[in-house]
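Trainee: Residue numbers (numbering that gives the first Met the number 0), protein chains in the order written: chain A, 0 to 289; chain B, 0 to 264; chain C, 0 to 376.
We treat Cβ as the ideally placed atom computed from N, Cα and C, and that holds for glycine.
Take this structure first; my questions come after.
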Amino acid sequence: MGRLRLALRFNGWALLVVPGLAFLSVFFLVPLAVIGLRSVTDVEGPSSGWLANYADFFGTDVYLRVLGNTFWIAALCTVICAGLGYPYAYLMTIVPQRFAGLLLIVVLVPFWSSPLVRTYAWQVLLRDTGVINGFLLKSGLISEPFPLIRTTFGVLLGMCQILLPLMVLPVYAVMRQVDPEYTKAAANLGAGPFTAFRRVFLPLSIPGLLAGSLLVFVVALGFYITPALLGSPQNTMISSLIANAIQQRADFGAGSALGVILLVVTLVVLIVASRLIRFRDVFGSLESEL
Amino acid sequence: MTDSWRQPRRILMLGLGILTAIFLVVPTLVVIPMSVTASTTLTFPPEGFSTQWYQKMLTDPSWSNGLAHSFQVAILTALIATVLGTLAALGLVRGRFPGKGIVNAIMLSPLIVPLIVVAVGMFLLYVRWKITGSLVGLVAAHVGLAMPFVIVTTSASLRTIDRNLEMAAQTLGAGPFRTFLRVTLPLASPGVLAGALFAFMTSWDEVIVAIFLGTVRFRTLPAVIWEQVNESIDPTVAAVSTTVLAVTTGVLLLALLVRRRQSAQ
Amino acid sequence: MTNGADQNGALVLPPALVLRDLAKSFGSTPAVDGVNLEVRSGEFVTLLGPSGSGKTTTLRVIAGLTTQSRGTVEIGGVDVTGFPPYRRNVGMIFQNYALFPHMTAAQNVAFPLEMRGVSRQMIEQQVANALALVRLENLGQRYPRQLSGGQQQRIALARAVVFNPRLLLMDEPLGALDKKLRDALQLELMRISRELHATVIYVTHDQEEALILSDRIAIFRKGRIEQLGTGADLYDRPLTLFVADFIGEANIFRGRYQTEPSGGWLVQDAGRWRVGSVAAGRVDLMNGAPAALVVRPERIRLDAEDVAWSSLSNATAAVVTTALYLGSMSKYELRLSEGGTVVVRQQTGIGGREYRPGDRVSISWPIADGLLVADAD
Numbered sequence: 000m001g002r003l004r005l006a007l008r009f010n011g012w013a014l015l016v017v018p019g020l021a022f023l024s025v026f027f028l029v030p031l032a033v034i035g036l037r038s039v040t041d042v043e044g045p046s047s048g049w050l051a052n053y054a055d056f057f058g059t060d061v062y063l064r065v066l067g068n069t070f071w072i073a074a075l076c077t078v079i080c081a082g083l084g085y086p087y088a089y090l091m092t093i094v095p096q097r098f099a100g101l102l103l104i105v106v107l108v109p110f111w112s113s114p115l116v117r118t119y120a121w122q123v124l125l126r127d128t129g130v131i132n133g134f135l136l137k138s139g140l141i142s143e144p145f146p147l148i149r150t151t152f153g154v155l156l157g158m159c160q161i162l163l164p165l166m167v168l169p170v171y172a173v174m175r176q177v178d179p180e181y182t183k184a185a186a187n188l189g190a191g192p193f194t195a196f197r198r199v200f201l202p203l204s205i206p207g208l209l210a211g212s213l214l215v216f217v218v219a220l221g222f223y224i225t226p227a228l229l230g231s232p233q234n235t236m237i238s239s240l241i242a243n244a245i246q247q248r249a250d251f252g253a254g255s256a257l258g259v260i261l262l263v264v265t266l267v268v269l270i271v272a273s274r275l276i277r278f279r280d281v282f283g284s285l286e287s288e289l
Numbered sequence: 000m001t002d003s004w005r006q007p008r009r010i011l012m013l014g015l016g017i018l019t020a021i022f023l024v025v026p027t028l029v030v031i032p033m034s035v036t037a038s039t040t041l042t043f044p045p046e047g048f049s050t051q052w053y054q055k056m057l058t059d060p061s062w063s064n065g066l067a068h069s070f071q072v073a074i075l076t077a078l079i080a081t082v083l084g085t086l087a088a089l090g091l092v093r094g095r096f097p098g099k100g101i102v103n104a105i106m107l108s109p110l111i112v113p114l115i116v117v118a119v120g121m122f123l124l125y126v127r128w129k130i131t132g133s134l135v136g137l138v139a140a141h142v143g144l145a146m147p148f149v150i151v152t153t154s155a156s157l158r159t160i161d162r163n164l165e166m167a168a169q170t171l172g173a174g175p176f177r178t179f180l181r182v183t184l185p186l187a188s189p190g191v192l193a194g195a196l197f198a199f200m201t202s203w204d205e206v207i208v209a210i211f212l213g214t215v216r217f218r219t220l221p222a223v224i225w226e227q228v229n230e231s232i233d234p235t236v237a238a239v240s241t242t243v244l245a246v247t248t249g250v251l252l253l254a255l256l257v258r259r260r261q262s263a264q
Numbered sequence: 000m001t002n003g004a005d006q007n008g009a010l011v012l013p014p015a016l017v018l019r020d021l022a023k024s025f026g027s028t029p030a031v032d033g034v035n036l037e038v039r040s041g042e043f044v045t046l047l048g049p050s051g052s053g054k055t056t057t058l059r060v061i062a063g064l065t066t067q068s069r070g071t072v073e074i075g076g077v078d079v080t081g082f083p084p085y086r087r088n089v090g091m092i093f094q095n096y097a098l099f100p101h102m103t104a105a106q107n108v109a110f111p112l113e114m115r116g117v118s119r120q121m122i123e124q125q126v127a128n129a130l131a132l133v134r135l136e137n138l139g140q141r142y143p144r145q146l147s148g149g150q151q152q153r154i155a156l157a158r159a160v161v162f163n164p165r166l167l168l169m170d171e172p173l174g175a176l177d178k179k180l181r182d183a184l185q186l187e188l189m190r191i192s193r194e195l196h197a198t199v200i201y202v203t204h205d206q207e208e209a210l211i212l213s214d215r216i217a218i219f220r221k222g223r224i225e226q227l228g229t230g231a232d233l234y235d236r237p238l239t240l241f242v243a244d245f246i247g248e249a250n251i252f253r254g255r256y257q258t259e260p261s262g263g264w265l266v267q268d269a270g271r272w273r274v275g276s277v278a279a280g281r282v283d284l285m286n287g288a289p290a291a292l293v294v295r296p297e298r299i300r301l302d303a304e305d306v307a308w309s310s311l312s313n314a315t316a317a318v319v320t321t322a323l324y325l326g327s328m329s330k331y332e333l334r335l336s337e338g339g340t341v342v343v344r345q346q347t348g349i350g351g352r353e354y355r356p357g358d359r360v361s362i363s364w365p366i367a368d369g370l371l372v373a374d375a376d
């Protein structure tokens, strides 16, 4: 019997994957396949042919602009989160142990909190009749409400707050693995603290920065809640188009096609990034910091 | 890195860090004072103090049903995702089969696929199967989203277990099932428990799929909030939001405690 | 050999362990390559060899933790080849103790009894006995992390013997301990295995340990048993150069064998050494075959440079290069006039004098004390 097992290259443990895999396939993967299917079967409107929905997309200026805007917003988020997240993660590595734990909790609670609740809080803060404007009006600094909501600024504020933990966690995870002996050795060899940082620590922490950036960018591409609540029609993102097609217009074909496009774009970004980034940095940080 | 903290560079970094921390946490906290305002609108600073909005949350069926449904879905999701995820983690860590890398990637894919796309697909499919607006549909959807977290934490836990322990158990007379029950599972339990808590939080806070799959008859709290958040300035939303935040924070701290206990072992 | 009566009518027990043509390959590399072994009930047999020689793999096959590619394993006369480890009724001890960290010492020891459905009171009784056997009666409530290395290994031993297994397997159990502790536990292991009349299969790479503990030793090399015998067999009558070199210290003269009617010569470029007839008869080499002459350091005498050499000895002139005084004896390294070095051990106080580096001496050993082996590599 042992010989048979060897020949099959399986062992008993392999079977345990089956229930979870089956469940996932039925309730998660099949829906994705359905989208692909409906995008080519549900064709309405003047155009015909099974790629009509896609042709519609690439033929409509507005849609293409929305796609471009989605990339733009996602890129902005990535840059902002990198700018804020990297120093924060670095701070976590140099403070005493107790404070590092506290700083970690400050990152983890937002990570797990509902993005809807957080976006709602931003609404309350940024509305014309919201907290910030209320404060500014009451103190007489301005005479009319300052537009904060329904601006790109508002969207970025909301999105970055939600995405920042996704940047901090991988960066921190990689930074933690950098042996402090390296920078000490550099100091020993005559490098000033800033040089030691720039020439030794920084290069070693880049993989974390790349992993975090990838994570933020990819998640930002598909963001729905925050842009929908805080954004203006000018900075519509592709997710809003999808939701609109499905919920408002019941144009399932168009909505599915848009979904496929978003999915493909995400995959392409991941594939391109896989040349530069070690994925275990992305998942490894989840494991160690979750 | 033991040089003085009084250097301007250090102070700058510390200041930036504190500002970032404030940015991460404080804006969200505004819902707390809003939830206890006595007035019927969301003005700041809140006027008076009243717990009426919490009472409304518990008595108004549109809110209280959502609350109850959220708990039901989250608990069931945690249970099912933990069972399936733990088995899968065992299979992935201990198993030997061709294509393991691909299977691993598939099982973790919910973490990276855009939720809006998933939500639409589920909506289109579950409508056909007539499980939208039901406990079954929402749990089925959320289990898929939560499983990766269980797999990640449980795998990490399993990998720390010394294989010799299981071999020793076998030489002492324990078959595979009893070895799992008496040795492997107890030693992996912190990871499994943490995974269960993460699965709960994933379901509890999940918005997009909840919006698409929820109907007035059966939906979770985020779907109710979504409906209300654009239309009204009802402070009940603030009370509900605070409740949601409180539960998440509580469960998260529990999970962190479990992880702390594991690394102490 | 099966159950039955011997020629005197007395009951003969089946051997505790029989390995027949055992082999195990991982991929294309054979880790164990044709091992045959028979162990009597109550014997302490050590599998000795360098790392990678197949001894640990053999042990794991006996335990059932690995399945062999070829051959059979019989425990107590029963072919257990198809049996999983939890049905072989063998006790096993690991180098890193493998105590369950989430159970107390007593719970660890009780585990195999629980697996066998023993009643609560019986378990308590037997656990207490086992703990008393390893002299740790009062530490039952401690967790493994609260115990020292030596204590943990003793608990592991208690756990492995509490259910009266037919066989005790030990995989380098003392490897993780420091010297003093190792020596103390060696004696404990011997005492306990004697007390239990246990059959023990012990794996180690430490030949001193093997010599101290074992009734018989199997020298492993490249997946096969090169020689099986008592410590004295292996030390005084090694069959191969590898065994001669592995057990104890050895001076080795390599060259070609030249036959003579009685005994022969070991011929090297710079000269030749006489080989005794007993030594020659033991291995039966062909004329001209590559061979080695092995002489143990304690068999070599040091004398003044100009002493007359007996015709019953091999002798030559040498210069002392290193002299180590070790209390009860001295150890010398010398360079021979023909080239090559030799190690000599001389007990203090037997009458020999102490030498210093640079002294010119003559060394000699009785021809009969030289061992002849084939030099197959």
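(1) In chain order, what residues of the same chain have a beta carbon less than 6 Å from the beta carbon of valine 142 of chain B, not counting five sequence neighbours either side?
(2) Assign glycine 90 of chain B to buried or exposed, taking buried as 16 or more other Cβ atoms, counted over all protein chains shown, within 10 Å of its Cβ.
(3) With a cut-off of 7 Å, does the C-beta of phenylalanine 25 of chain C fall near any C-beta of chain B?
(4) Measure from the alpha carbon of alanine 243 of chain C to the alpha carbon of each residue in C:Gln145, C:Thr80, C:Gly228, then state which is nearest.
(5) What residues in its chain sit with their C-beta under 6 Å from that of glycine 53 of chain C, if we drop five residues either side in the sequence?
(6) Please go through the same chain and pick out, in chain order, the residues whose beta-carbon is closer than 7 Å to the beta-carbon of serine 154 of chain B, but skip the five residues on each side of it.
(7) Comparing the C-beta of tyrosine 85 of chain C with each C-beta of chain B, is any distance below 7 Å?
(8) Which residues in chain B sit within 8 Å of leucine 31 of chain A, going by Cβ to Cβ distance?
(9) If you draw a straight line from the alpha carbon of aspartate 235 of chain C to that of leucine 284 of chain C, how long is it in whole angstroms?
(10) In this structure, does DSSP put serine 327 of chain C in helix, strand or coil?
(11) Can you tell me whether DSSP reads leucine 292 of chain A as helix, strand or coil?
(12) Measure from the alpha carbon of leucine 147 of chain A to the alpha carbon of each residue in A:Trp121, A:Tyr171, A:Ser239, A:Met174, then state which is nearest.
(13) Quick one: Cα of glutamate 225 of chain C to Cα of valine 34 of chain C, how far?
(14) Starting from tyrosine 53 of chain A and walking both ways along the alpha helix (DSSP H), at which residues does that stretch end?
(15) Can you tell which of B:Tyr125, B:Gly194, B:Glu165, B:Pro113 has the C-alpha that lies nearest to the C-alpha of valine 250 of chain B?
(16) Between which two residues does the beta strand (DSSP E) holding valine 372 of chain C run?
(17) Counting C-beta neighbours from all protein chains within 10 Å, is the total for glutamine 377 of chain C 16 or more, i.e. buried, or is it exposed?
(18) Rounded to whole angstroms, what's the CA-CA distance from valine 160 of chain C to glutamine 145 of chain C? Just pull it up for me.
(19) In terms of residue numbering, what span does the beta strand (DSSP E) encompassing leucine 47 of chain C cover?
(20) By the DSSP assignment, the beta strand (DSSP E) with phenylalanine 252 of chain C in it spans what residues?
(21) Who pairs with threonine 315 of chain C in a beta bridge, going by DSSP?
(22) Output, in sequence order along the chain, the residues in the segment 182 to 204 of chain B whose CB is closer than 7 Å to any CB in chain C.
(23) Does the distance from the C-beta atom of leucine 123 of chain B to that of arginine 37 of chain A stay below 7 Å?
(24) Secondary structure at tryptophan 4 of chain B, three-state DSSP: helix, strand or coil?
(25) How would you call phenylalanine 57 of chain A, buried or exposed, if buried means at least 16 neighbouring beta carbons within 10 angstroms?
(26) How far does the beta strand (DSSP E) with asparagine 35 of chain C in it extend, from its first residue to its last?
(27) How should valine 343 of chain C be labelled, buried or exposed, when 16 other C-beta atoms within 10 angstroms of its C-beta is the threshold for buried?
(28) Given that serine 38 of chain A touches chain B, what residues does it touch there, using C-beta distances under 9 Å?
(29) For the segment 61 to 89 of chain C, which residues have a CB atom closer than 9 Å to at least one CB atom of chain B, in sequence order?
(30) Since methionine 91 of chain C and leucine 168 of chain C should fall inside the 8 Å C-beta cutoff, what is the C-beta to C-beta distance between them, to a whole number of angstroms?
(31) At 7 Å on the CB atoms, spell out the chain B contacts of proline 111 of chain C, in chain order.
(32) Spell out whether any CB of chain B is found under 7 Å from the CB atom of alanine 97 of chain C.
(33) Counting along the chain, where does the alpha helix (DSSP H) carrying arginine 93 of chain B start and finish?
(34) Rounded to a whole number of angstroms, what is the C-alpha to C-alpha distance between leucine 21 of chain C and threonine 65 of chain C?
(35) By how many angstroms is the C-alpha of glutamate 180 of chain A removed from the C-alpha of serine 188 of chain B?
(36) Hey, threonine 198 of chain C and leucine 166 of chain C: beta-carbon distance below 7 Å or not?
Mentor: Judging by the given coordinates:
(1) Residue mapping note: residue 142 of chain B aligns to position 143 of the second sequence, counting from 1. If you ignore the 5 residues before and after valine 142 of chain B, its C-beta comes within less than 6 Å of the C-beta of Thr76, Ile79, Ala80, all in its own chain and listed in chain order.
(2) For this step, residue 90 of chain B is matched to residue 91 along the second sequence. So glycine 90 of chain B counts as buried.
(3) Here residue 25 of chain C refers to the residue found at position 26 of the third sequence. Cβ-Cβ to chain B under 7 Å: no for phenylalanine 25 of chain C.
(4) Counting from one through the third sequence, the residue named residue 243 of chain C turns up at place 244. Across the set C:Gln145, C:Thr80, C:Gly228, the C-alpha of C:Gly228 shows the shortest separation from the C-alpha of alanine 243 of chain C.
(5) Within the third sequence, numbered from 1, the residue matching residue 53 of chain C stands at position 54. Correct list, in chain order: Ala30, Val31, Phe219, Gly222.
(6) For the purposes of this step, residue 154 of chain B is taken as residue 155 along the second sequence, with counting starting at 1. The answer, listed in chain order, is Ala88, Leu91, Val92.
(7) Counting from 1 along the third sequence, the entry for residue 85 of chain C is found at position 86. Yes - at least one Cβ of chain B is within 7 Å of the one on tyrosine 85 of chain C.
(8) Along the first sequence, one-based indexing puts residue 31 of chain A at 32. By Cβ distance, chain B contributes Val112, Val116, Val117, Gly120.
(9) Walking along the third sequence from the start, residue 235 of chain C turns up at place 236. Walking along the third sequence from the start, residue 284 of chain C turns up at place 285. C-alpha separation (whole angstroms): 18 Å.
(10) Translated into the one-based positions of the third sequence, residue 327 of chain C becomes position 328. Three-state DSSP puts serine 327 of chain C in coil, outside helix and strand.
(11) A query on residue 292 of chain A cannot be resolved here, the shown segment of chain A reaching from 0 to 289 and no further.
(12) As a working note, residue 147 of chain A is residue 148 in the first sequence. Nearest of A:Trp121, A:Tyr171, A:Ser239, A:Met174 to leucine 147 of chain A, Cα basis: A:Trp121.
(13) The count along the third sequence starts at 1 and reaches residue 225 of chain C at position 226. The count along the third sequence starts at 1 and reaches residue 34 of chain C at position 35. When rounded, the distance between both Cα atoms is 10 Å.
(14) Translated into the one-based positions of the first sequence, residue 53 of chain A becomes position 54. According to the DSSP assignment, tyrosine 53 of chain A belongs to the alpha helix (DSSP H) that extends over 51 to 58.
(15) Within the second sequence, the letter at position 251 stands for residue 250 of chain B. Of B:Tyr125, B:Gly194, B:Glu165, B:Pro113, the residue nearest in Cα terms is B:Gly194.
(16) Within the third sequence, numbered from 1, the residue matching residue 372 of chain C stands at position 373. Counting along the chain, the beta strand (DSSP E) containing valine 372 of chain C begins and ends at 370 to 373.
(17) Nothing in the structure corresponds to residue 377 of chain C, since chain C is present only between 0 and 376.
(18) As a working note, residue 160 of chain C is residue 161 in the third sequence. As a working note, residue 145 of chain C is residue 146 in the third sequence. C-alpha of valine 160 of chain C to C-alpha of glutamine 145 of chain C: approximately 22 Å in a straight line.
(19) As a first step, residue 47 of chain C must be located in the third sequence, where it is residue number 48. 43 to 47 is the span of the beta strand (DSSP E), which, as asked, contains leucine 47 of chain C.
(20) Looking up residue 252 of chain C in the third sequence gives position 253. Its beta strand (DSSP E) spans residues 250 to 258.
(21) Counted from its first residue, the third sequence places residue 315 of chain C at position 316. Under DSSP, threonine 315 of chain C forms a beta bridge with C:Ile362.
(22) Correct list: Val182, Pro185, Leu186.
(23) The sequence position of residue 123 of chain B within the second sequence is 124, counting from 1. The sequence position of residue 37 of chain A within the first sequence is 38, counting from 1. Yes.
(24) Counting from one through the second sequence, the residue named residue 4 of chain B turns up at place 5. Interpretation of tryptophan 4 of chain B is limited by its pLDDT of 48, a score under 50 that renders its predicted location unreliable; the figure taken from the coordinates is listed afterwards. In the three-state reduction of the DSSP assignment, tryptophan 4 of chain B falls in the coil class.
(25) For the purposes of this step, residue 57 of chain A is taken as residue 58 along the first sequence, with counting starting at 1. Its Cβ having fewer than 16 others within 10 Å, phenylalanine 57 of chain A is exposed.
(26) Position 36 of the third sequence holds residue 35 of chain C. Annotation: the continuous beta strand (DSSP E) that includes asparagine 35 of chain C extends over 28 to 38.
(27) Position 344 of the third sequence, counted from the first residue, corresponds to residue 343 of chain C. With 16 or more other CB atoms across the displayed protein chains lying within 10 angstroms of its CB, valine 343 of chain C is buried.
(28) Here residue 38 of chain A refers to the residue found at position 39 when the first sequence is read from its first residue. Residues of chain B passing the Cβ test: none, with the nearest at roughly 10 Å.
(29) For the segment 61 to 89 of chain C, which is checked against every Cβ of chain B, the residues closer than 9 Å are Ala62, Gly63, Leu64, Pro83, Pro84, Tyr85, Arg86, Arg87, Asn88, Val89.
(30) By one-based count along the third sequence, residue 91 of chain C stands at place 92. By one-based count along the third sequence, residue 168 of chain C stands at place 169. The Cβ separation is near 4 Å, so the contact holds.
(31) Locating residue 111 of chain C in the third sequence gives position 112, counting from the first residue. Neighbours of proline 111 of chain C in chain B, taken as residues whose beta carbon is under 7 Å from its own, are Leu171, Gly172 in chain order.
(32) The count along the third sequence starts at 1 and reaches residue 97 of chain C at position 98. By this cut-off, alanine 97 of chain C is an interface position.
(33) In the second sequence, residue 93 of chain B corresponds to position 94, counting from 1. DSSP places arginine 93 of chain B in the uninterrupted alpha helix (DSSP H) bounded by 60 to 93.
(34) Along the third sequence, one-based indexing puts residue 21 of chain C at 22. Along the third sequence, one-based indexing puts residue 65 of chain C at 66. Near 12 Å, if we compare the C-alpha coordinates of threonine 65 of chain C and leucine 21 of chain C.
(35) In the second sequence, residue 188 of chain B corresponds to position 189, counting from 1. In the first sequence, residue 180 of chain A corresponds to position 181, counting from 1. Those two C-alpha atoms are separated by around 35 Å.
(36) Reading the third sequence from its first residue, position 199 is the one you call residue 198 of chain C. Reading the third sequence from its first residue, position 167 is the one you call residue 166 of chain C. Going by C-beta atoms, threonine 198 of chain C is nearer than 7 Å to leucine 166 of chain C.
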